[in-house]
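If you use mature numbering (1 follows the signal peptide of the UniProt record, and there is no 0), the sequence shown corresponds to residues -22 to -1, 1 to 137, in order. All remarks here apply to the structure that follows.
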Amino acid sequence: MKVLRLFSTLVLMLFTVSAANAMSKDIVDTAAGAGQFKTLVAAVKAAGLVDTLKGDGPFTVFAPTDEAFAKLPDGTVDDLLKPENKDKLVAILTYHVVPGKIMSGDISGKATEVKTVQGDTLNVDATDGVKVDKAKVVKADIDASNGVIHVIDTVVMPN
């Protein structure tokens, strides 16, 4: 019985340490570790936004997957990553970021607009699934130490 209790205690300790380590990752590290945001992470680096998204926040990031970026017309991503297009890239990326931490439960059943870091507003409709402008949220509430990530299937563009 003592061995079983000791084993249970060790498993609980390992789980607690693992959960604490996962929560200690900021938005950038969480996205980089997920494996499905290589294009987004490269764009964040090219735009010079790494330090911002590693900041205190909190931030809500609607994160397009690599597949979402692949839906853009051929050459779009390569063009946006060029140094001369940095301002345009920053505008697009910051359109995907909302100040504050908005969890899916906060908007469930509602349709609203949220102001982005870029300055425009995103239409969020959580009345039947969740859509952000024309993008569908395919995974919600990925917690990070400085906010939350919601995975979207399309890159949304500011007006």
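Quick reminder that beta carbons are idealized off the backbone N, C-alpha and C, glycines included.
| Item | Value |
| --- | --- |
| Give every residue of the same chain whose Cβ lies closer than 6 Å to the Cβ of K32, excluding the five residues on either side of it in the sequence, and list them in chain order. | D4, V6 |
| Keeping to the same chain, check which residues put their C-beta closer than 8 Å to that of V64; ignore five residues upstream and five downstream. | Before going further, note that residue 64 is Lys rather than Val in the sequence given. Hits under 8 Å: A24, A25, G26. |
| In this structure, what does DSSP give as the bridge partners for H128? | F40 |
| How many angstroms separate the CA atom of A122 from the CA atom of T38? | 10 Å |
| By how many angstroms is the C-alpha of P136 removed from the C-alpha of K66? | 10 Å |
| Name the DSSP bridge partner or partners of residue 155? | With the chain running from -22 to 137 in the structure shown, residue 155 is simply not present. |
| Taking the alpha helix (DSSP H) that K64 belongs to, which residues open and close that run? | 64 to 72 |
| At which residues does the beta strand (DSSP E) containing V134 begin and terminate? | No beta strand (DSSP E) holds V134; DSSP gives it neither H nor E. |
| Pair every Cβ in the region 34 to 53 with every Cβ in the region 125 to 133, then say whether three or more of these pairs are closer than 8 Å. | yes |
| In angstroms with no decimal places, state the Cα-to-Cα distance between L100 and I120. | 19 Å |
| For K93, collect the residues of the same chain with a Cβ closer than 6 Å to its Cβ; drop the 5 residues on either side in sequence, then sort them by chain order. | T99 |
| According to DSSP, simplified to helix, strand and coil, what is D121? | strand |
| When DSSP labels each residue in this structure, what does T94 get in the three-state scheme? | coil |
| From the DSSP output, in three-state form, read off A89 for me. | strand |
| What would DSSP say about P77, mapped onto helix, strand or coil? | strand |
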